[in-house]
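**Q** Sequential numbering of the sequence shown, starting at 5, is according to this note's numbering.
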Amino acid sequence: MDRRTPRDFAARLDIALPIIQAPMAGFQDSALAIAAASAGALGSLPGASLAPPQLRTHVQAMRDAGARAVNVNFFCHAPPEPDAAREAAWREALRPFFEEYGVDPALIAGGPGRLPFGEEAAALVEELRPEVVSFHFGLPAPALLERVRRSGAQVWSSATTLEEARWLEARGVDAVIAQGVEAGGHRGVFLGAETSTQMGTFALLPQVAAAVRCPVIATGGIADAAGVAAALRLGASAVQVGTAFLRTPEALTSAIHRAALASPAAAVTALTNLFTGRPARGIVNRLMRELGPLSDAPPAFPLAVNALAPLRAAAEKAGSGDFSPLWSGQNASGARDAPAAEIVRLLGAGLD
Ligand SMILES: Cc1cc2nc3c(=O)[nH]c(=O)nc-3n(C[C@H](O)[C@H](O)[C@H](O)COP(=O)(O)O)c2cc1C
Numbered sequence: 005m006d007r008r009t010p011r012d013f014a015a016r017l018d019i020a021l022p023i024i025q026a027p028m029a030g031f032q033d034s035a036l037a038i039a040a041a042s043a044g045a046l047g048s049l050p051g052a053s054l055a056p057p058q059l060r061t062h063v064q065a066m067r068d069a070g071a072r073a074v075n076v077n078f079f080c081h082a083p084p085e086p087d088a089a090r091e092a093a094w095r096e097a098l099r100p101f102f103e104e105y106g107v108d109p110a111l112i113a114g115g116p117g118r119l120p121f122g123e124e125a126a127a128l129v130e131e132l133r134p135e136v137v138s139f140h141f142g143l144p145a146p147a148l149l150e151r152v153r154r155s156g157a158q159v160w161s162s163a164t165t166l167e168e169a170r171w172l173e174a175r176g177v178d179a180v181i182a183q184g185v186e187a188g189g190h191r192g193v194f195l196g197a198e199t200s201t202q203m204g205t206f207a208l209l210p211q212v213a214a215a216v217r218c219p220v221i222a223t224g225g226i227a228d229a230a231g232v233a234a235a236l237r238l239g240a241s242a243v244q245v246g247t248a249f250l251r252t253p254e255a256l257t258s259a260i261h262r263a264a265l266a267s268p269a270a271a272v273t274a275l276t277n278l279f280t281g282r283p284a285r286g287i288v289n290r291l292m293r294e295l296g297p298l299s300d301a302p303p304a305f306p307l308a309v310n311a312l313a314p315l316r317a318a319a320e321k322a323g324s325g326d327f328s329p330l331w332s333g334q335n336a337s338g339a340r341d342a343p344a345a346e347i348v349r350l351l352g353a354g355l356d
């Protein structure tokens, strides 16, 4: 068995297709994962937005629905040091919008936001034994990683550069997820923060495939069967698709976000750090236009979320996505109002 061929890669996971429904924190739970799995893909759950008790429920729901394999995904960012000066600068940058919407900055709730993989999550992995644990933003500390490995899970993590891919392979991951710059949502970048030098999927993928020996999963901009076939031809063992699932009835995407994805606006995306403090790709909206998509103003990930929350809520109440993260990859052409199983079938057409 060659663990890098798409057939063997899928066979090891007991899934029919070398297609992974991307974990999407805040946009899905087991409903999407079950629907994708029912059509032969690997269903994923976002541990960054589902707290351990919820994860337990949703992994169980996937098992009850007959999913053969489960991927649970976690973030591994370093928790931010609160920085009062940066927070004040961020609020100052947002002041005109607070005034426009009548938001009192004194009432902004604090809070840590997205939590990185830690003790509680490791215990949950040991308890639930997902077949795959995938990480974004690097890997957890060695002792935690060892617990994941000993649970029997395959360990995957995202690489946005060749250097990150080699770094991950040197730490023994079972697969590298090569994330091109066209991908929707957060970039998995963890070595260096320079976004302007990041490669597109079809430049990054063959170079990563040549640089590492483990299987490589291609992600970013893959939206149809031809894209899947092209990625496999370029050395991918599987593909991971996010944006194409955002308009499915099983996703938790808001009506405003769905409308943006279905509109001509979806053709214009940019990397922005405004919404969370880390670069992520989304449809260009008013906040990105007026502050510039990449800025020194927001505090470290994920603290930028807090000051934006009341603005986002007020704007959304008025039917506007001006202050919402409208995450999307550069190729939203695969996103349609169709069940997730149908999206998987379209992506997998032509694969036997
Ligand atoms: C709405 C959204 C949320 C995402 N959340 C996560 C996440 O929680 N963890 C993760 O590893 N990747 C996340 N991603 C990135 C995906 O794993 C994947 O790299 C990306 O969707 C691929 O590009 P595509 O959107 O063009 O298919 C997210 C992507 C989107 C669109």
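Note that beta-carbon positions come from the ideal geometry of N, C-alpha and C, so glycine has one too.
Fair warning: this is a prediction, and the values are worked out from it, not measured in the lab.
1) Which class does Ala-311 belong to by DSSP, given the choice of helix, strand or coil?
2) In or out: Arg-99 buried (at least 16 other Cβ within 10 Å) or exposed?
3) Three or more beta-carbon pairs under 8 Å between the region 210-225 and the region 311-330, yes or no?
4) Does ligand 1 have a heavy atom nearer than 8 Å to the CB of Thr-223?
5) Ignore the nearest five residues each way along the sequence and tell me which others in Arg-90's own chain have a CB closer than 6 Å to its CB.
6) Tell me whether Gly-281 counts as near ligand 1, meaning its Cβ is closer than 8 Å to at least one heavy atom of that ligand.
7) Pick from Ala-179, Gly-231, His-81, Ser-161: whose alpha carbon is nearest that of Ala-353?
8) Check this for me: beta carbons of Glu-198 and Gln-334, under 9 Å apart or not?
9) Indicate the three-state DSSP secondary structure (helix, strand or coil) for Gln-32 in the structure shown.
10) Any idea what DSSP makes of Val-137, helix, strand or coil?
11) Taking the alpha-carbon of Phe-305 as reference, which of Phe-13, His-81, Arg-16, Asn-75 has the nearest alpha-carbon?
12) By DSSP's criteria, Trp-331 is part of a beta bridge. Which residues make up the other side?
13) Which residue from Glu-173, Cys-218, Ala-147, Thr-165 puts its Cα closest to that of Gly-192?
14) Are Phe-101 and Phe-327 close, meaning C-beta to C-beta below 9 Å?
**A** Reading from the atomic positions:
1) As a position in the sequence shown, residue 311 is number 307, starting the count at 1. DSSP places Ala-311 in helix when its eight states are reduced to three.
2) Working through the sequence shown from its first residue, we reach residue 99 at position 95. So Arg-99 ends up on the exposed side.
3) no
4) In the sequence shown, the residue the question calls residue 223 occupies position 219. Yes, the beta carbon of Thr-223 sits closer than 8 Å to at least one heavy atom of ligand 1.
5) Looking up residue 90 in the sequence shown gives position 86. Within the same chain, Arg-90 has close Cβ partners Pro-303.
6) Taking the sequence shown and counting its residues from 1, one reaches residue 281 at position 277. Incorrect: Gly-281 has no Cβ contact closer than 8 Å to ligand 1.
7) Locating residue 353 in the sequence shown gives position 349, where the first residue counts as 1. Out of Ala-179, Gly-231, His-81, Ser-161, Gly-231 has the C-alpha closest to the C-alpha of Ala-353.
8) By one-based count along the sequence shown, residue 198 stands at place 194. By one-based count along the sequence shown, residue 334 stands at place 330. No, the pair does not count as a contact, with Cβ atoms beyond the cut-off.
9) Within the sequence shown, the letter at position 28 stands for residue 32. Correct three-state label for Gln-32: coil.
10) Residue 137 sits at position 133 when you count from the first residue of the sequence shown. The answer is strand: DSSP assigns Val-137 an E or B state.
11) In the sequence shown, counting from the first residue as 1, residue 305 sits at position 301. That would be His-81, whose Cα lies nearest to the Cα of Phe-305.
12) Translated into positions along the sequence shown, residue 331 becomes position 327. Answer is Gly-286, bridged to Trp-331.
13) Here residue 192 refers to the residue found at position 188 of the sequence shown. It is Thr-165 whose Cα lies nearest to the Cα of Gly-192.
14) Counting from one through the sequence shown, the residue named residue 101 turns up at place 97. Counting from one through the sequence shown, the residue named residue 327 turns up at place 323. In contact: Phe-101 and Phe-327 (Cβ atoms closer than 9 Å).
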